[in-house]
Structure formats: C-alpha cells, structure tokens
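What follows is a short report on a single structure.
Chains as they are written, first to last, in the working numbering: chain A, 22 to 302; chain Y, 225 to 482.
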C-alpha cells in the first residue's frame, strides 16, 4: 500500500470543518484573550524575576525526571498490556489509566495516604531515612503519577497497530525475548514512544493539583511554575499572566517540536502495514 | 451539499453556542420566581457563619433568596471587577476591598464587621511539642504557613517581625485551608491558621494560642457593590451581618469584634 500523503482522501464535509472551527476557537480564544492581557513593557522583568526563573528551572528539572520515570515504568506496562494475556488485564489497564480521569487533587490525596508521613509506606520510609513530604521527590512522584497513563496509552496503541508479526519472525529465527524486544519491538514503536514521552513531559509541566496537595509549595523545592502562577495570581495579576504565557510557550515549543501525533495509516514511519496489522501469528 | 443539508449544518453550528450558553444558566439574580435575589460574594473563611446568616435572612425576609459564593478574597475581587453579578462583597482583608474601591465598584464606605487572628494548630498528639510561637522556629519542626502574598501569610510575616522569630517553613501555601490540610493529615508538625479555622477543624487539630497573635489582626470589611441591581436587599443583608444577631453568629464561629 504505502499511499503517499498528498493523495490521501480529504473529502471532509464542510459542516465538519465548521464545527471543528468552533472547537478550535474554544481553545484558541481564551489563549488569545490571555495574550491580550499581557503587560508587555513589564513582561521581561516579570518572567526573569528570581522566583519565576527558580520555578521554571524546577519545573523543567522535575518534568524531565518524571518523564524518565514514566518511560522506565511505562514501557514495561505498555508491553504487558499490549502483548500479555492474563486474567485481570483489562482491570490493570483501567487502573493504570485512572489518573487520566481522577481530579489531580484526588491523586494528591491518594499519594499522601501512600507516601505521606502518616501514610501506608511513610513510616517505613521515614525509618529508612527517606522523607518525601515537602521535598522535590514528592513533586516528581506526583508528576509521574499523573503523566504515566499518557505514555502507556500512546505506546500501547503503537504496539497494537505495529502488530507482532516481526517479533514472531525474529523468535522463529532463534532470537530470545529480550533480543526481540531490543532489536525489533522497541525500534518499531520508537515514534510512538517518543510521542508518549513528549505528552508525559507536557502533562508533568502542567501538573498542579496533585503537587499542591501532596508536595506543598516552597520556592526552589516544590513550587513549580503552575504553583507560582497560582500564588502570583493572588497578589500580582500581571505576573501571573506573564508566567502563564511563559508556560504556554514552553509547552507549545516542547509539544510542537517533537510531538507528531498518531502516525497516519499508510504513511507511517514503519514498514508497509498489511491488512493483518493486528496479526496474532 | 444540498440546501437541506446546508440548512441543518447551519442550524447545528448556530445551536452549539446556544447549548454552551445554556450551561451557564442559574446566573444573574432577581428573575426567578418574582422574588429578590441577593448575591453575596464572601471570603472563604466566612462560609459557616454566612451560610447560617443567609438562612436566617431568608426566613426573616420571605421572598428574598440569598446566593452565596465563597472563594479567596482576591479571587472574588477579581471576579467582581470582571463583571460578576455580585450585590454584596465581604472581604477577609481591607486590601482587596480597597482594590475594588479603587475600581469604583464599592457603594458608600465599607464597614468593618469582624476580625480574625492567627493561631497555631498542631496534630492532636503534638509530635514536635510546640508550646509557643518561638517553638515554630525550632530545628526539625515542619512548620507550614501561608505565602506572604495572601492575607494569612502577610499576618504571619508581621508576627515574625514583631517577635523577632524567623520561621523556616517547609511549605508556604496559597490558602489557609491548604495549611490546615497539611496539619490535619499529619504531614506538618505545626501550621499558622486563623482561630476560626482552628475552631472549625474541631478535634482534628490541637490549638495552641500565643499572646503575640494580637499583633496581627485582620479586619473584615463588607460593602454593597455599585453595579448591584438590588441595592435595598444588599443594604438589608449588610445590616443583618453588622447587627446584633449577625455579630452573635460571627462570635460563635470565633471571629472577633472590630
């Protein structure tokens, strides 16, 4: 198959385009309104103030660490969910995806009851000399918690649409499971993994509710950019708007530069897909 | 596209904004049931006494409905200045009332109707053995306070300067409820909250009063909003809050007399 992109069918009914335009406006209009509220003469001093730069730096560092954790735990989870076959698989998927629909505050409370000082593991951790409450570790935990589903969903989708034919062939040629994973599966779904990681990173950057509930808010330790915006909004609306724009720009740059969206059928970055893409072999 | 299809598409496009507008029902006062509606925007700390006062007010004034909206004072001031339909504004500090006054949105001069002071709350077992304000600065004590940008944090700063104590908080929260939450959950050893919050939390926390608290008193002003369409009802509600019955309810919740 391998249909070139230019010839792809694009007969979208005009009314669909009209409704899509309304949908796009719903997102763009508030952003435009925010840009219109920016106090431009003060913009640079506001976003380069010490507290702003500290918050931005903390956000970037924690989001990077959390994304690494998401990849570390999300790849095996996606593999187990896409390739495994065991009782309770659907239940596991539902639970892994739960943070997508949970209000972040609820996530924060759940984390508190697990890792907080009075929590399930908190006492053991404290005896082991680990204090998570009010630390940057808490921020990373909260971000990983909310962002993990984004990586799992993206990667599981990529794994399913890539199918397991090549893996089966490699196995019949004598490759061991780890070799198949390393040499066949992962290279095949790399674009999906990259998209998932970018989405996770973006979600980490925007994380607010779970962090506020679980980690607290202290400059340079737990006060990430969204928390700084929330705080500045109380006292200085101009600073809050300027920082919001900064966060939007960072998110747009990160997502826009590296997120390609789901690979269009037939134009993808992998070997031509056949009708038996979901092959069971 | 056939004319019929085109028409239905247009209808659909036209219906969407209407559907969205429909979601925002129930706003705007006065129209429902022919009675009067007073929309009261009040600081979050006033939730319990104002809910009680509103019920009393409705009972005393048949046909009048009081709708209450509670949030941080600065949020409310922002909402009102952006055109939110408020008739009465009750702020937890004079600063946000002044902000609204500067915007020309306050009718007459605001009246102080309550005061609030900070107090220390600790988990019931008091794990860090806190006994005074100075104890909060002891090494290893996990103290949580409000950030200096919000009224309760400004009051904490005043106390620090007044007592010559420098706190090293593990977290500076954006709202006093978040401070209380950290103490109730046992994450923090101590927190600085308003006496009214400590009272509302009951036995989930232990309160440790300290004499220096009197050095930072927050005054709560109330005023009618200039854009109000129910000025008489707004004035009546303010009279109820500042009157003896209202004051009694506020005392009961732990507020002080201005």
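Idealized CB from N, CA, C, for every residue including glycine.
Does residue i get closer than 8 Å to chain Y when you measure Cβ to Cβ?
i, result
"residue 251/A", "yes"
"residue 110/A", "no"
"residue 243/A", "yes"
"residue 31/A", "no"
"residue 238/A", "yes"
"residue 233/A", "yes"
"residue 184/A", "no"
"residue 155/A", "yes"
"residue 58/A", "no"
"residue 261/A", "no"
"residue 256/A", "yes"
"residue 77/A", "no"
"residue 227/A", "no"
Decide if residue i is buried, meaning its Cβ has at least 16 other Cβ atoms within 10 Å, or exposed.
i, result
"residue 253/A", "buried"
"residue 187/A", "buried"
"residue 264/Y", "buried"
"residue 256/Y", "Summary for residue 256/Y: the model assigns pLDDT 40, below 50, so the residue's position carries little reliability; its value from the coordinates is reported in the next sentence. Exposed, because fewer than 16 other Cβ atoms sit within 10 Å of the Cβ of residue 256/Y."
"residue 148/A", "exposed"
"residue 51/A", "exposed"
"residue 421/Y", "buried"
"residue 116/A", "exposed"
"residue 365/Y", "buried"
"residue 145/A", "exposed"
"residue 107/A", "exposed"
"residue 359/Y", "buried"
"residue 32/A", "exposed"
"residue 151/A", "exposed"
Mind checking which residues open and close the alpha helix (DSSP H) that includes residue i?
i, result
"residue 114/A", "110-122"
"residue 443/Y", "Looking at the DSSP string, residue 443/Y is not in any alpha helix (DSSP H); the run it does join, the beta strand (DSSP E), is 441-449."
"residue 251/A", "246-256"
"residue 180/A", "157-183"
"residue 300/Y", "297-305"
"residue 378/Y", "375-387"
"residue 430/Y", "No alpha helix (DSSP H) holds residue 430/Y; the beta strand (DSSP E) holding it covers 430-432."
"residue 171/Y", "Residue 171/Y falls outside the range modelled here, since chain Y spans only 225 to 482, and no answer is possible."
"residue 199/A", "198-201"
"residue 357/Y", "Unbroken run through residue 357/Y: none, as it is neither H nor E."
"residue 154/A", "Residue 154/A -> no alpha helix (DSSP H), and no H or E assigned at all."
Kindly indicate if chain A contains any beta-carbon less than 8 Å away from that of residue i.
i, result
"residue 364/Y", "no"
"residue 384/Y", "no"
"residue 325/Y", "no"
"residue 407/Y", "no"
"residue 296/Y", "yes"
"residue 445/Y", "no"
"residue 303/Y", "no"
"residue 273/Y", "no"
"residue 393/Y", "yes"
"residue 353/Y", "no"
So residue i and residue j are supposed to be a Cβ contact under 8 Å. How far apart are they, rounded?
i, j, result
"residue 407/Y", "residue 345/Y", "5 Å"
"residue 128/A", "residue 167/A", "6 Å"
"residue 395/Y", "residue 374/Y", "Not a contact, Cβ separation roughly 13 Å."
"residue 413/Y", "residue 233/A", "Their Cβ separation, rounded to whole angstroms, is 20 Å, which puts residue 413/Y and residue 233/A out of contact at 8 Å."
"residue 60/A", "residue 263/A", "7 Å"
Do residue j and residue i have their beta-carbon atoms positioned less than 8 Å apart in this structure?
i, j, result
"residue 313/Y", "residue 324/Y", "yes"
"residue 429/Y", "residue 348/Y", "yes"
"residue 76/A", "residue 246/A", "yes"
"residue 372/Y", "residue 342/Y", "no"
"residue 367/Y", "residue 442/Y", "no"
"residue 79/A", "residue 224/A", "no"
"residue 483/Y", "residue 318/Y", "What the structure shows of chain Y is the stretch from 225 to 482, and residue 483/Y is not part of that stretch, so it cannot be assessed."
"residue 563/Y", "residue 255/A", "Any answer about residue 563/Y is impossible in this case: the structure gives chain Y only from 225 up to 482."
"residue 155/A", "residue 230/A", "no"
"residue 239/A", "residue 393/Y", "yes"
"residue 210/A", "residue 172/A", "no"
"residue 389/Y", "residue 361/Y", "yes"
"residue 444/Y", "residue 315/Y", "yes"
"residue 249/A", "residue 164/A", "no"
"residue 424/Y", "residue 272/Y", "yes"
"residue 277/Y", "residue 464/Y", "yes"
"residue 455/Y", "residue 331/Y", "yes"
Terminal residues of the continuous beta strand (DSSP E) containing residue i?
i, result
"residue 324/Y", "It is not in any beta strand (DSSP E) - residue 324/Y instead sits in the alpha helix (DSSP H) that spans 318-326."
"residue 414/Y", "414-418"
"residue 49/A", "Per DSSP, residue 49/A belongs to no beta strand (DSSP E); it is in the alpha helix (DSSP H), 35-57."
"residue 342/Y", "330-346"
"residue 438/Y", "Neither: residue 438/Y is in no beta strand (DSSP E) and is coded neither H nor E."
"residue 396/Y", "395-397"
"residue 267/Y", "260-267"
"residue 236/A", "Run containing residue 236/A: none; DSSP gives neither H nor E here."
If we cut at 8 Å on Cβ distances, does residue i have a partner in chain D?
i, result
"residue 371/Y", "Absent here is chain D; the protein component of the structure consists of chains A and Y."
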